[in-house]
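So the protein sequences, as listed, match chains W and B. When we follow my numbering, the leftmost residue of the first sequence carries the number 153, and every step to the right adds one. When we follow my numbering, the leftmost residue of the second sequence carries the number 35, and every step to the right adds one. Report on one structure; see the data block that follows.
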Amino acid sequence: MLEHWCSAPNIVFANDQAEASYKKRAKRVADAIQLKVPDRVPITPAFSMFPALDNGYTCEDVFFNPEKAFTAGVKALEAFQPDTFRLPIRQGQVFEAVDCRQILLPGRGISPMSGMQFVEKEYATADEFYDAFLDDPSDFMFRTLLPRMCGAMAPLKKLPAMREIFGYSRLPALIQAFADPDVLGVFNKMAEAGAEMEKISAYSREKSREVMSMGFPTDLSVGGLAPFDLIGDQIRGTRGVMLDMFRRPEKLLAAMEKSVPMIVAMVLRAKIMGNPIVSIPLHKGADGFMSLEQYKTFYWPTLRKVMISMIDEGLVPAPFFEGDNTSRLEVISDIPKGKALYRFEKINIHKAKEILGDTVCFRGNVPVSLLNTGTPEEVKDYVKELIDVVGREGGLIVDCGSVIDEAKHENIKAMIEFTKEYGRYY
Amino acid sequence: MSKELIEAMVDMKEQEALSIAKGLLDNGGDPIKILDSCSEAMEIVGKRFETGEYFLPQLMMAGEMLSQISIMVKPHIKGEQTKESLGKVLIGTVKGDIHNIGKDIVTFMLDVNGFEVKDIGVDVPPEKFVEAIKEFKPQIVGMSGLLTLAYDSMKDTVQAIVNAGLRDNVKIMIGGGQMDEKVREYTASDAYCQDAMAGVSKAKEWIGVK
């Protein structure tokens, strides 16, 4: 899969130079991941809202105006010439159409200058969640979670369970459920939102190909997640999942096991999208969020299973260890050599190099606080140390330690230019 | 003090802790002493958090036990019991940011450690911080934020406190996912605290208690 991404057989390049640039950039990233020494340290800034904010657009534009989002993206691309790129196009209308309450969108309850913000809460109690999910996860998602997550989907709870439709005799009862105007309303709404999504995704696909044809490989593909976070972030909430660790550890472990193949099936979509490097943002396993023993019991085993299945399918899992994960380094070093990409936020880079250096490529971790409040000189100093400590013999991709929203233009420039200049291997 | 109750709570044995507390109450035990045992247990849990033996799940579980036992005990307390607080802390998530989890944990930890805490919510504009300082008269102000947009909101909030002539009355601490010493400097606040217990320690240091 990585080779396929590097050779980009389905892309029609703008010219020979664009084709050569694409291949050089993709190979650079692929070499780093496979722990081979590339021509230089790759630089892949995880731009989120930055391209818009840096070019006079709002975050609301990114979420609700694909054309403006594309223009902002291309301006950032031209200004910084990174090794990989992802357009800042989002699907605000789609979330808005179904009244999704799990996120707040820019200009809708939060500032138009803010990226989307996640609303964590206990979407289902332990009694509502575990047995139902273990018994029939799709039914739980469809008739309990979706109606709570999206205002427009509330009537879904009136539908019968799909597992009851085992033959013709149950069909009339299912069909009758659609006589309910509320239920019908959900499907009409979803059809409308679906048509909107079709438009946005066609546009986004077309523009992504355009960017690739200019010589830039795409950055990380669709996101996976850790089973513990699936339950903690999306369903039970921080307090809920942490109490479950004491009150019903077996059920929590069983629900996480159950979610492994679901997550794997979800990330396999990356194969269709053509980019095998799949981002897995990680939240509740960071230092401080649980003890090392709890991490080894509740967090790592199922996350590792997800990653191993992905590797078996030819994908490159790119877990993003948010927060500080220094105490986890020994545990997370148990991964096949040169097959994954570990993205770090706060980490002791000396220990990371010592423990993971022979096993997995390091991506990160210029502090976003530095990019935001520091000077170009300070940014260069940080990148220099990073390359000296972690990147001497390959195995390093420079990036910010977080997603980049607000940052000083000159600091981003310094991070990218200095990596290109100081990160040469040959 | 009940040694058994303290031990059960510290060892995260929820059912045991609840039944010990209930047994004590049923046998006419002093409700205030039961709560004192809980406070003692919370203090030990807090210390274990500071030394890296316990983590967030244990804090959450201990808090859950405390709140269940408090609910059980309260009807048995005669008259108004006013506990002396160590000091007053005003806390909120700054303008533009709606994240509450970190703020709620800090609020809870300050509360169980004897501070009087006023939580003014999320997405709090600078002028609301100023207004609340005038009204509540805290010694300490805690600003929370997860996003990078919070940097400027924190800076503006500190500036608003300066402009209102209140800066010398309060110590200001910041915390949250993207915060660090660099951001403390940028926002001109007094301390960056990496986690809830660091916040409690800093608050105690500022108030002058050990």
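Glycine residues also receive a C-beta, built at the ideal position from the N, C-alpha and C atoms.
Chain W contact for PHE163 (chain B) (CB, 9 Å cutoff):
The count along the second sequence starts at 1 and reaches residue 163 (chain B) at position 129. Contacts with chain W at 9 Å (Cβ-Cβ) do not include PHE163 (chain B).
Starting from the Cα of VAL226 (chain W), find the closest Cα among W:MET567, W:VAL541, W:MET366 and give me that residue.
As a working note, residue 226 (chain W) is residue 74 in the first sequence. Nearest option by C-alpha distance: W:MET366.
Within chain W, the residues that LYS137 (chain B) reaches when beta carbons sit closer than 9 Å
Here residue 137 (chain B) refers to the residue found at position 103 of the second sequence. Result: empty, since nearest Cβ-Cβ is about 12 Å, beyond 9 Å.
Coarse secondary structure for GLN243 (chain W), derived from DSSP in three states
The count along the first sequence starts at 1 and reaches residue 243 (chain W) at position 91. In the structure shown, GLN243 (chain W) sits in coil (DSSP, three-state: anything other than H, G, I, E or B).
Suppose you measure from the CA of PHE149 (chain B) to the CA of TRP240 (chain B); what does that come to, to the nearest Å?
Indexing the second sequence from 1 puts residue 149 (chain B) at position 115. Indexing the second sequence from 1 puts residue 240 (chain B) at position 206. Going from the Cα of PHE149 (chain B) to the Cα of TRP240 (chain B) covers about 12 Å.
What residues in its chain sit with their C-beta under 8 Å from that of LYS189 (chain B), if we drop five residues either side in the sequence?
Mapped onto the second sequence, residue 189 (chain B) falls at position 155. Within the same chain, LYS189 (chain B) has close Cβ partners TYR220, THR221, ALA222.
What's the C-alpha gap between TYR209 (chain W) and ASN217 (chain W)?
Mapped onto the first sequence, residue 209 (chain W) falls at position 57. Mapped onto the first sequence, residue 217 (chain W) falls at position 65. CA-CA distance, TYR209 (chain W) to ASN217 (chain W), rounds to 10 Å.
In chain W, which residues lie less than 8 Å from GLU84 (chain B) when you measure between Cβ atoms?
In the second sequence, counting from the first residue as 1, residue 84 (chain B) sits at position 50. Simply none; closest approach about 11 Å.
From the DSSP secondary-structure annotation, give me the bridge partner or partners of LYS205 (chain B).
For the purposes of this step, residue 205 (chain B) is taken as residue 171 along the second sequence, with counting starting at 1. Answer by DSSP bridge pairing, in chain order: B:ILE174.
Give the straight-line distance between the Cα atoms of LYS122 (chain B) and ALA313 (chain W), rounded to the nearest whole angstrom.
For this step, residue 122 (chain B) is matched to residue 88 along the second sequence. For this step, residue 313 (chain W) is matched to residue 161 along the first sequence. For LYS122 (chain B) and ALA313 (chain W), the distance between alpha carbons rounds to 53 Å.
Mapping DSSP to helix, strand and coil, what is PHE142 (chain B)?
Residue 142 (chain B) sits at position 108 when you count from the first residue of the second sequence. PHE142 (chain B) falls in the helix class under three-state DSSP.
With PHE580 (chain W) and ILE568 (chain W) assumed to form a contact (beta carbons below 8 Å), what rounded beta-carbon distance in angstroms separates them?
The structure shown does not extend to residue 580 (chain W), since chain W is modelled only from 153 to 578, so the question has no answer here.
Using a Cβ-Cβ cut-off of less than 9 Å, list which residues of the region 426-441 of chain W approach chain B; keep chain order.
Going along the region 426-441 of chain W in chain order, one finds LYS436, ASP439, GLY440, PHE441 with a Cβ nearer than 9 Å to chain B.
Please go through the region 457-538 of chain W and give each complete beta strand (DSSP E) segment of 3 or more residues, from N-terminal end onward.
Within the region 457-538 of chain W, complete beta strand (DSSP E) segments of at least 3 residues are found at 468-476, 493-498, 513-518, given in chain order.
Assuming PRO379 (chain W) and ILE415 (chain W) make a contact with CB atoms under 8 Å, what is their CB distance in whole Å?
Counted from its first residue, the first sequence places residue 379 (chain W) at position 227. Counted from its first residue, the first sequence places residue 415 (chain W) at position 263. Between ILE415 (chain W) and PRO379 (chain W) the Cβ distance is about 7 Å, and since that is below 8 Å, they are a contact.
Go through its chain and collect everything with a Cβ distance to TYR578 (chain W)'s Cβ below 7 Å, but skip five positions before and after it.
Taking the first sequence and counting its residues from 1, the one referred to as residue 578 (chain W) is at position 426. Excluding residues up to 5 positions away in sequence, ASP191 lie with their Cβ nearer than 7 Å to the Cβ of TYR578 (chain W) in the same chain.
Could you tell me whether any Cβ in chain W is nearer than 9 Å to the Cβ of PRO65 (chain B)?
The residue labelled residue 65 (chain B) in the question sits at position 31 within the second sequence. It does not: the Cβ of PRO65 (chain B) has no partner Cβ on chain W nearer than 9 Å.
From the DSSP output, in three-state form, read off VAL363 (chain W) for me.
Against the first sequence, residue 363 (chain W) aligns to sequence position 211. Helix, per DSSP.
Could you pull the DSSP bridge partners for CYS252 (chain W) from this structure?
Here the question's residue 252 (chain W) lines up with position 100 in the first sequence. W:CYS302.
Using the Cβ count rule (16 or more neighbours within 10 Å means buried), how would you classify PRO109 (chain B)?
Position 75 of the second sequence, counting from 1, holds the residue named residue 109 (chain B). Around the beta-carbon of PRO109 (chain B), fewer than 16 other beta-carbon atoms lie within 10 Å, marking it exposed.
Exposure of ILE139 (chain B), with buried meaning 16 or more beta-carbon neighbours within 10 Å
On the second sequence, position 105 is the one that residue 139 (chain B) refers to. Counting Cβ neighbours within 10 Å, ILE139 (chain B) comes out buried, since at least 16 surround it.
Identify each residue in the region 517-534 of chain W for which the Cβ-Cβ distance to at least one residue of chain B is less than 7 Å, and report them in chain order.
Within the region 517-534 of chain W, the residues whose Cβ lies closer than 7 Å to some Cβ of chain B are PRO519, VAL520, SER521, LEU522, ASN524, THR525, GLY526, listed in chain order.
Looking only at its chain, what residues have a beta carbon closer than 8 Å to the beta carbon of MET301 (chain W), apart from the 5 residues adjacent to it on each side?
Walking along the first sequence from the start, residue 301 (chain W) turns up at place 149. Around MET301 (chain W): CYS252, ARG253, GLN254, TYR275.
Could you give the residue range of the alpha helix (DSSP H) that holds VAL44 (chain B)?
Walking along the second sequence from the start, residue 44 (chain B) turns up at place 10. DSSP places VAL44 (chain B) inside the alpha helix (DSSP H), whose first and last residues are 37-44.
Keeping to the same chain, check which residues put their C-beta closer than 7 Å to that of LEU395 (chain W); ignore five residues upstream and five downstream.
Here residue 395 (chain W) refers to the residue found at position 243 of the first sequence. Excluding residues within five positions, none has a Cβ falling inside 7 Å.
With 16 other Cβ atoms within 10 Å as the buried cut-off, status of ARG315 (chain W)
The residue given as residue 315 (chain W) occupies position 163 in the first sequence. When all chains shown are included, ARG315 (chain W) counts as exposed.
Would you say GLU50 (chain B) reaches chain W, if we count a Cβ-Cβ gap shorter than 9 Å as a contact?
Here residue 50 (chain B) refers to the residue found at position 16 of the second sequence. So, not an interface residue.
Mapping DSSP to helix, strand and coil, what is PHE237 (chain W)?
Position 85 of the first sequence, counting from 1, holds the residue named residue 237 (chain W). If DSSP states are grouped into helix, strand and coil, PHE237 (chain W) belongs with the strands.
Nearest-angstrom Cβ-Cβ length linking VAL542 (chain W) and TYR574 (chain W), presumed shorter than 8 Å:
Counted from its first residue, the first sequence places residue 542 (chain W) at position 390. Counted from its first residue, the first sequence places residue 574 (chain W) at position 422. With a Cβ gap of about 13 Å, VAL542 (chain W) and TYR574 (chain W) do not count as contacting.
Alpha carbons only, please: which of B:VAL128, B:LEU120, B:PRO159 is nearest the one belonging to ASP145 (chain B)?
Residue numbering aside, residue 145 (chain B) sits at position 111 when the second sequence is read from its first letter. The closest CA to that of ASP145 (chain B), considering only B:VAL128, B:LEU120, B:PRO159, is found on B:LEU120.
Chain B contact residues for ASP557 (chain W), given Cβ-Cβ distances below 9 Å
Residue 557 (chain W) sits at position 405 when you count from the first residue of the first sequence. Simply LEU181, THR182, LEU183.
Using beta carbons (cut-off 9 Å, strictly below), is GLU474 (chain W) in contact with chain B?
Counted from its first residue, the first sequence places residue 474 (chain W) at position 322. Judged by the 9 Å Cβ criterion, GLU474 (chain W) is in contact with chain B.
Helix, strand or coil: how does DSSP classify ARG192 (chain W) here?
In the first sequence, the residue the question calls residue 192 (chain W) occupies position 40. Looking at ARG192 (chain W) - three-state DSSP - the assignment turns out to be strand.
Hey, does GLY130 (chain B) have any beta-carbon neighbour from chain W nearer than 9 Å?
Within the second sequence, the letter at position 96 stands for residue 130 (chain B). Interface criterion met: the Cβ of GLY130 (chain B) is under 9 Å from a Cβ in chain W.
Contact set for ASP153 (chain B): own chain, Cβ-Cβ below 6 Å, skip 5 residues either direction:
For the purposes of this step, residue 153 (chain B) is taken as the residue at position 119 of the second sequence. Same-chain partners within the cutoff: ILE125, THR141.
Indicate the three-state DSSP secondary structure (helix, strand or coil) for GLN212 (chain B) in the structure shown.
Taking the second sequence and counting its residues from 1, one reaches residue 212 (chain B) at position 178. In the structure shown, GLN212 (chain B) sits in coil (DSSP, three-state: anything other than H, G, I, E or B).
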